[in-house]
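Asks: I have a structure here, written as structure tokens, and I will follow up with some questions on it.
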Amino acid sequence: MNPESYAVILAGGQGERFWPLSTRARPKQLLALVGRRALLVEAVRRVRPIIPPRRILVITAEHLREAVQRLLPGLPKENIVGEPCGRNTAAAITLGAALIKARNPQAVFCVLTGDHLIDDLKVFHGTLRDAFRRAHEADVLLTIGLLPSFPSTGFGYIEAGERLAGKTRTVFYKVRRFVEKPDGRHAAAYIRTGRFYWNSGMFVWSLAAWERALKRYRPVLARALARLTPLVGRSGFQAGLKRIYTPLESISVDYAIMEKADNIAMAEGLFAWDDVGAWSALARHLPQDARGNVAIGPTELMEAAGNIVVADGGLVALMGVENLVVVKAGSAVLVCGKERSEDVKRLVAQLRRRRVARQWL
């Protein structure tokens, strides 16, 4: 891989839809929800074949920084940086850009997530290599769109426009529009057109292209980038980061840049991908018994079907119920309909408003 290529892995969220197993102290990306390794460990492992550890940066929450450093001993400690407060993806990417600019102002970098699943790594690596090449050669902001395998209501969508010329194995398109998470009817209609892709939340662009986009659409973030860069590597970096970062607007990169810029393109991703966005997603990745139950930990099921059961810190027994999510983590228990697992985040927000419940968050 070109020595100018970097990876920024975003790992600062709380994974609220996976409460009560995912908490502020031990969020989703630090959990081994599928397989033996934490999702964040897998995210770093999958990019290492094409980007060396010294050019892999992880942006996490400040209170998680030391835990992430212990989890990822193969990365330099200075490559794992904690946000003083959550300010969504546009600010987190800008922080990553400042770290990169201090090392190499001519860099290109990808933005990846620390809590997704990806298979077909050979195809994934080829897609990234082709995207890096295109970002190096052109003033373009690239997103990776995944060919949908079912009409998901849990993912956003990208409508592809004109196919762009090129000689790479990966196909690139202009982006016609971004679409928020649809209902089932619209999701099915999107897939029938053959023009819509899942929005993966993965991006590739040059540092110069990112700076130009910030200056045009988010000048406050552009100024933050300019102020942060000279602080990188200095003793006062963390204090300066808190001073500069805290007043920033909390906004996603899609709203801040991608839905406004006129130089957006999409790389077609033909690898298997899942953001594992809610408890119901585990049924796509973990073994099921003869009645469609997924069970993790000490569980006992009788005349139960289609349930997802997680026991972490005690026995969970189900009898005569269907299509539930039941999770016990320590002294907290969640019970909800499987079709409502996307809404667990709303329940966490309600709990957060009640002081007595915060000890379980």
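One rule links them: number in our numbering = place in the sequence shown (from 1) + 1.
Where is the CB? At the ideal position from N, CA and C, for every residue including glycine.
Give the DSSP-derived three-state secondary structure of I60 in the structure shown.
Replies: If DSSP states are grouped into helix, strand and coil, I60 belongs with the strands.
Asks: Going by C-alpha distance, which of T61, S153, R177 and T24 is nearest T90?
Replies: Minimum Cα distance to T90 is reached at T61.
Asks: Helix or strand or just coil, what does DSSP make of G270?
Replies: In this structure, G270 counts as strand in the three-state DSSP scheme.
Asks: Extract the residue ranges of the beta strand (DSSP E) inside the region 111-191, only unbroken runs of 3 or more that lie entirely within it.
Replies: Whole beta strand (DSSP E) segments, 3+ residues: 142-147, 158-164 and 173-180.
Asks: Which same chain residues end up closer than 6 Å to K216 when comparing Cβ atoms and leaving out the 5 residues on each side of it in sequence?
Replies: Closer than 6 Å at Cβ, skipping near neighbours: A223.
Asks: Between the C-alpha atoms of D121 and W274, what's the straight-line distance to the nearest angstrom?
Replies: Going from the Cα of D121 to the Cα of W274 covers about 9 Å.
Asks: Could you compute how far the alpha carbon of A26 sits from the alpha carbon of L65?
Replies: Cα-Cα distance, rounded: 7 Å.
Asks: Looking only at DSSP bridge pairs, what is G83 linked to?
Replies: T61.
Asks: Do you know offhand how far E63's Cα is from A312's?
Replies: C-alpha separation (whole angstroms): 29 Å.
Asks: So what does E323 bridge to, in DSSP terms?
Replies: DSSP output for E323 lists A306 as bridge partner(s).
Asks: Give the DSSP-derived three-state secondary structure of W1 in the structure shown.
Replies: Since the first residue of the chain shown is 2 and the last is 362, residue 1 is not available in this structure.
Asks: Starting from L100, follow the alpha helix (DSSP H) in both directions and report where the run begins and ends.
Replies: Where L100 is concerned, the enclosing alpha helix (DSSP H) stretches over N89 to K102.
Asks: Residues in the same chain with beta-carbon distance under 7 Å from R1, minus the five sequence neighbours each way, listed in chain order, please.
Replies: With the chain represented from 2 up to 362, any question about residue 1 goes unanswered, as that position is not in the structure.
Asks: Identify, in the order they occur along the chain, each residue of the same chain with its Cβ nearer than 7 Å to the Cβ of G185, setting aside the five sequence neighbours on each side.
Replies: Cβ within range, chain order: P152 and T154.
Asks: Taking 8 Å as the threshold (C-beta atoms), are I145 and S201 in contact?
Replies: Result yes, Cβ atoms of S201 and I145 sit closer than 8 Å.
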